[in-house]
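Protein chains in written order, with this note's numbering: chain A, 81 to 480; chain B, 81 to 480. Down below is the structure, laid out as structure tokens.
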Ligand SMILES: [Mo]
Ligand SMILES: [Mo]
């Protein structure tokens, strides 16, 4: 009897058709699949290879037949516009945008150390950077009848995925109309990731890429777009992915009192060395590497690094490409991609342990907070305090 | 001889025609005039009366004859457009915008306590909120020939004041073209402040009001507007009003390495009680008041207040008007005015001293840093750490 039940559960496992994943990924949850790469992979290349890109699924990966796939655009005066994949690729100019996606729960594990929160225990690598190719959402909205009259009443663009829970409820979210419809918002209906077809884990055949906006709004396996006066009524828009005061607990929380996370605050972390690493005294210097990014297209303009827990600081070198000759700066307000940074500094002569710290500044001169506790929140989102790693300095007796 | 020189200096004192000021203002510098109101005045009314509005002049107040005043708009294909004050008032629709202005040096005194910086020792009140009336800069630019062709090459709009130093150099600054020319940027050429003619100290007859942008770009006594591919070459744009790492000193600073401050980071401060105040034990509760604002039109969504130095927090009540029934929310991205906030909390029974702390969160979920030292910079700008005041709790023996 028990045997039978188990088998029936197994054969009807909605996750059984999930794709294969790279074994180097650190799995936070298997079903739905949630995993991040080892941090040092992030600073290995400016563009994160798709196989290593962090994966954050809320539900089973839907199997979508590209030939029968349809995208429905609703809520506009002309009625529903239905597009095939081929039409999305041929009726609209293809745009490419390099954009960093970050999970709202990135670095949640640091909040868990303060006090347990509800959510997956992400390290610092629930963030990755890719080049996305696709149609501009703006172009598709215009083709579907968006215009000045609609702008009078429309406030949000809702997205619905083809991924569904056991009750048939799809993943969903929304973004403000001014982001969705603006020329400079660079929102894509992406069918390519790093020059190839979107992988199944990243939304094949179409995902929304909303540059500068929290991962949760970048809906994968996109099935429906609705222009509306209202936000998405989805659980993930209304009762999740919001920030609260550290004093707010599950008994007192009112999800209506906080806005849905859209733009993320300024963020940075150290990818190398890692916490607990040992440096050799003979090395004389230490090289510290990491990433930094901000939300809303605000460019990171500086990263400060400390080897002494935040007492003294030096300025890291930033780069916006793998080539040392940096490309043109992004247009103001459209810095969608992270900076990788690096600093090489002399090993403090007496130190036996270093507390390495980083903090970034963006072009609105917002900074990261010093500590985790005062930004702790019951869902463990928006964890952007200074990143700290402790490393030992090992005396090198081999040369004596 | 000395006597003569002194007298000649006196009679040629360029500040001799500066206007009268309200005696309640706290003067940080007399010539040029720089003064802030007592902090509690800020939370007395949502709109700061003009007489109490902080005053930050870089140079003597110029005396401008409104009849002969001319505004020159340059750099556009049609050549210079010259406008009289009357033309500015009649040729363009009048718009009103409630916007908070804040000096880049607001709260500099807290940085001075860490290590001396260069600049006026502002308290927490180099910030005020007013309703400005005037023509939209966008409308004037369009009338002067701004259009899609100009947008191809134009990147900045430069402003020049009629206030000049002894060498004849005028105060100047610039803002990005996308702020200046956008419908939603709400940049005004203001001729009214709180429903009256602009006062002399605030730029009579015309000042630029750049909502969401540091005070220094809100050029007063405006004489010239230049559309350009370049930023203003002014001292105040190039070699001042920029942020640096705490490790950067006057020997190592490279002003080209940092962008000119435009949008300000999230900010808040406690206006009441003030540092050193004494509360009566018999009062049972304490009411804390203050202001909070962010840059770039980002709305303050929450203010956390602590009575125990940041260990525990409660959420303050925010208001956006003097009336308790709040008006409609500002459109997304156009929250130009501060929130006043207030929280009433029980006096902790045993405490003899309270360290009251506030910190604000904006709708990109950026927060204020915990402490001053790590954001210290040689010019003492961008001072937005948690605001802390210490108050004593006085045992009340009168009732025994
Ligand atoms: Mo997420
Ligand atoms: Mo200022």
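Positions of the beta carbon are idealized from the N, C-alpha and C atoms, including for glycine.
Segment limits, beta strand (DSSP E) that includes residue i
| i | result |
| --- | --- |
| residue 386 of chain B | 380-386 |
| residue 116 of chain B | 114-116 |
| residue 308 of chain A | 302-308 |
| residue 208 of chain A | 207-216 |
| residue 470 of chain B | 467-474 |
| residue 176 of chain B | 174-182 |
| residue 392 of chain B | Careful: residue 392 of chain B lies outside any beta strand (DSSP E) and carries neither H nor E. |
| residue 350 of chain A | 347-352 |
Exposure label - residue i; buried when at least 16 CB within 10 Å
| i | result |
| --- | --- |
| residue 143 of chain B | exposed |
| residue 563 of chain B | A question about residue 563 of chain B goes unanswered here, because the residues of chain B that appear run from 81 up to 480. |
| residue 360 of chain B | exposed |
| residue 479 of chain B | Bear in mind that a pLDDT of 48 at residue 479 of chain B, under 50, signals an unreliable position, so the number given afterwards is only what the model happens to contain. Exposed: under 16 other Cβ atoms inside 10 Å. |
| residue 190 of chain B | buried |
| residue 326 of chain A | buried |
| residue 184 of chain A | buried |
| residue 294 of chain B | buried |
| residue 248 of chain A | exposed |
| residue 285 of chain A | buried |
| residue 482 of chain A | The structure shown does not extend to residue 482 of chain A, since chain A spans only 81 to 480, so no value can be given for it. |
| residue 206 of chain A | buried |
| residue 165 of chain B | buried |
| residue 148 of chain B | exposed |
Residues near residue i in its chain [Cβ-Cβ closer than 7 Å; skip 5 each side]
| i | result |
| --- | --- |
| residue 414 of chain A | 264, 266, 377 |
| residue 354 of chain A | 119, 469 |
| residue 87 of chain B | Unreliable positioning characterises residue 87 of chain B in this predicted model, as indicated by a pLDDT of 49, which lies under 50. The coordinate reading is nonetheless provided below. Here the set comprises nothing. |
| residue 85 of chain B | With a pLDDT of 49 at residue 85 of chain B, under the threshold of 50, the modelled position of that residue is not reliable, and no figure is offered here. |
| residue 254 of chain B | 236, 237, 238, 239, 311, 312, 317 |
| residue 456 of chain B | 191, 194, 195, 326 |
| residue 297 of chain B | 253, 255, 290, 342 |
| residue 94 of chain B | 140 |
| residue 272 of chain B | 212, 213, 214, 278 |
| residue 335 of chain A | 318, 319, 322 |
Residue interval of the alpha helix (DSSP H) (run including residue i)
| i | result |
| --- | --- |
| residue 316 of chain A | 315-318 |
| residue 108 of chain B | It is not in any alpha helix (DSSP H) - residue 108 of chain B instead sits in the beta strand (DSSP E) that spans 106-109. |
| residue 119 of chain B | 119-122 |
| residue 169 of chain A | 165-170 |
Neighbouring residues, chain B, relative to residue i (Cβ below 8 Å)
| i | result |
| --- | --- |
| residue 381 of chain A | 338, 339 |
| residue 393 of chain A | 325, 326, 327, 454 |
| residue 443 of chain A | 339, 342, 343 |
Cross-chain neighbours of residue i in chain A, by beta carbon under 7 Å
| i | result |
| --- | --- |
| residue 412 of chain B | 256, 258 |
Chain A contact for residue i (CB, 9 Å cutoff)
| i | result |
| --- | --- |
| residue 100 of chain B | no |
| residue 299 of chain B | no |
| residue 193 of chain B | no |
| residue 462 of chain B | yes |
| residue 390 of chain B | yes |
Min CB distance residue i to chain B below 9 Å
| i | result |
| --- | --- |
| residue 435 of chain A | no |
| residue 264 of chain A | yes |
| residue 450 of chain A | yes |
| residue 217 of chain A | no |
| residue 418 of chain A | no |
| residue 439 of chain A | yes |
| residue 376 of chain A | yes |
Proximal residues of chain D, C-beta to C-beta of residue i below 7 Å
| i | result |
| --- | --- |
| residue 446 of chain A | Annotation note: the requested chain D is absent from the structure, which comprises protein chains A and B. |
6 Å CB neighbourhood of residue i in its chain, flanking five on each side removed
| i | result |
| --- | --- |
| residue 347 of chain B | 373, 464 |
| residue 132 of chain B | 117, 121 |
| residue 208 of chain A | 128, 133, 134 |
| residue 283 of chain A | 300, 301 |
| residue 114 of chain B | 108, 136, 200 |
| residue 218 of chain B | 261 |
Neighbour list for residue i in chain A, Cβ cutoff strictly below 9 Å
| i | result |
| --- | --- |
| residue 384 of chain B | 325, 326, 327, 454 |
Own chain partners of residue i with C-beta closer than 8 Å, once the 5 adjacent residues on each side are dropped
| i | result |
| --- | --- |
| residue 276 of chain B | 130 |
| residue 345 of chain B | 374, 375, 446, 448, 462, 464 |
Residue i: CB within 8 Å of a non-hydrogen atom of ligand 4
| i | result |
| --- | --- |
| residue 394 of chain B | In terms of ligand content, the structure shown lacks ligand 4 and carries ligand 1 and ligand 2 instead. |
Proximal chain A residues relative to residue i, where beta-carbon distance stays under 8 Å
| i | result |
| --- | --- |
| residue 199 of chain B | Those within 8 Å of residue 199 of chain B in chain A number zero; the least Cβ separation is about 16 Å. |
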